[in-house]
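Encoded as structure tokens, the structure appears first; notes follow it.
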Ligand SMILES: NC(=O)c1ccc[n+]([C@@H]2O[C@H](COP(=O)([O-])OP(=O)(O)OC[C@H]3O[C@@H](n4cnc5c(N)ncnc54)[C@H](OP(=O)(O)O)[C@@H]3O)[C@@H](O)[C@H]2O)c1
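In the numbering used here, the protein residues as written are 650 to 967.
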């Protein structure tokens, strides 16, 4: 099939595009051409690159038409963040494609009720990003069911892989947390360290996209969580990282107000966003209907990322 991936050179596309090429598809990547994939792969030689700036084209109302002009059988939309954006591309592709796969986020959920959270739970998103992702999901599933627009929504957790810094055990992205744990130095966690985060390896996200393509009948009109088999607590995550470096974890715990004063406002905001969600999502539906079987647990995926960051000199750990 002829597959257009919008935003295919990022975390997920780095793994997805080689998988699509290996499966024999004709692949077109639409991006601004500013960022190469995180890891080189021979498959990219077979990929047609189309340079477009989605934001600029959407302002002109031409983005959907430009995607349709590629005559795709399938469109994988990695970078849709607003309802208007989803509406514009849907209208341009209606009746022209066999499958439309949207990359959402587990942030379509707000605070958990019963965990692991299933796709059936009512949406209670908070924060503009999650609210928009939930609105896009509701719109696409409604279009699929009412008008036959062949949409599937895939909701990844915190995407991790070699080449970038994973969400750390304090719930933000400052790599110094990994360095301190590796040296056996004290790390403070908010509250009791029992709030959760839910990572997924980028290649497992790619696997879910190809599984949805392969299981069209099961996938159209449905949304799926795409996470590792189990979420981790901040405390358990910190203990595991220290253990990888042969250290006893020196963890302390502070109530939120005291803890947030120990980090930058940006780090505090990032941690708050993650622990207020405390995601813990089920992959049972994706496994049952699509055969999604992640290769990585959360800790395994993070360990691979840290090994890469250490070898690349991005973090100073022994
Ligand atoms: N990161 C996470 O932990 C996480 C978690 C849950 C869900 N998600 C979802 O994952 C999706 C992002 O996937 P990703 O992390 O693989 O992407 P990414 O690493 O952020 O890469 C973005 C891709 O889009 C291209 N791009 C960015 N702005 C563009 C524009 N204005 N016009 C055209 N192309 C543009 C980039 O290439 P150029 O820069 O060269 O244009 C690149 O190919 C989003 O829908 C996000 O909501 C992410």
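The C-beta atom is built at its ideal place from N, Cα and C for all residues, glycine as well. All figures in this text were calculated on a predicted structure; none of them were measured in a lab.
Nearest to residue i (by Cα), restricted to the options the options
i: residue 900; options: 935, 680, 838 and 731; result: 838
i: residue 862; options: 938, 742 and 956; result: 938
i: residue 949; options: 916, 842, 662 and 893; result: 893
i: residue 874; options: 809, 849 and 690; result: 849
i: residue 834; options: 841, 826 and 840; result: 826
i: residue 917; options: 840, 667, 682 and 933; result: 840
i: residue 763; options: 725, 930, 923 and 796; result: 930
i: residue 698; options: 654, 913 and 818; result: 654
i: residue 676; options: 824, 650 and 663; result: 650
Sub-8 angstroms separation of residue i and residue j beta-carbons
i: residue 715; j: residue 707; result: no
i: residue 880; j: residue 815; result: no
i: residue 679; j: residue 721; result: no
i: residue 753; j: residue 803; result: yes
i: residue 878; j: residue 943; result: yes
i: residue 746; j: residue 723; result: yes
i: residue 1052; j: residue 773; result: Since the first residue of the chain shown is 650 and the last is 967, residue 1052 is not available in this structure.
i: residue 755; j: residue 821; result: no
i: residue 808; j: residue 851; result: yes
i: residue 898; j: residue 887; result: yes
i: residue 713; j: residue 700; result: no
i: residue 964; j: residue 844; result: no
i: residue 870; j: residue 793; result: yes
i: residue 757; j: residue 776; result: no
Boundaries of the beta strand (DSSP E) in which residue i is found, first to last residue
i: residue 697; result: 697-700
i: residue 675; result: 675-680
i: residue 911; result: Here residue 911 belongs to no beta strand (DSSP E), and DSSP marks it neither H nor E.
i: residue 726; result: 723-726
i: residue 663; result: Note, residue 663: premise wrong, no beta strand (DSSP E); alpha helix (DSSP H) at 662-671.
i: residue 902; result: 900-903
i: residue 837; result: 836-839
Start-to-end residues for the alpha helix (DSSP H) that takes in residue i
i: residue 651; result: Run containing residue 651: none in the alpha helix (DSSP H); it sits in the beta strand (DSSP E), 651-655.
i: residue 959; result: 947-960
i: residue 873; result: From DSSP, residue 873 is part of no alpha helix (DSSP H) but of the beta strand (DSSP E) over 872-875.
i: residue 939; result: 933-939
i: residue 825; result: 825-832
Residue i Cβ short of 7 angstroms to ligand 3 heavy atom set
i: residue 774; result: As for ligand 3, it is missing from this structure, which binds only ligand 1.
Check: residue i C-beta below 7 angstroms from any heavy atom of ligand 1
i: residue 954; result: no
i: residue 754; result: yes
i: residue 812; result: no
i: residue 951; result: no
i: residue 681; result: yes
i: residue 661; result: yes
i: residue 658; result: yes
i: residue 704; result: yes
i: residue 808; result: yes
i: residue 805; result: yes
i: residue 594; result: Residue 594 lies beyond the range of the chain shown here (650 to 967); nothing can be said about it.
i: residue 923; result: no
Kindly provide the ranges of any alpha helix (DSSP H) runs that are 4 or more residues long and lie completely inside the segment 744-821, ordered along the chain. Those alpha helix (DSSP H) runs which fall completely within the segment 744-821 and span 4+ residues are 777-796.
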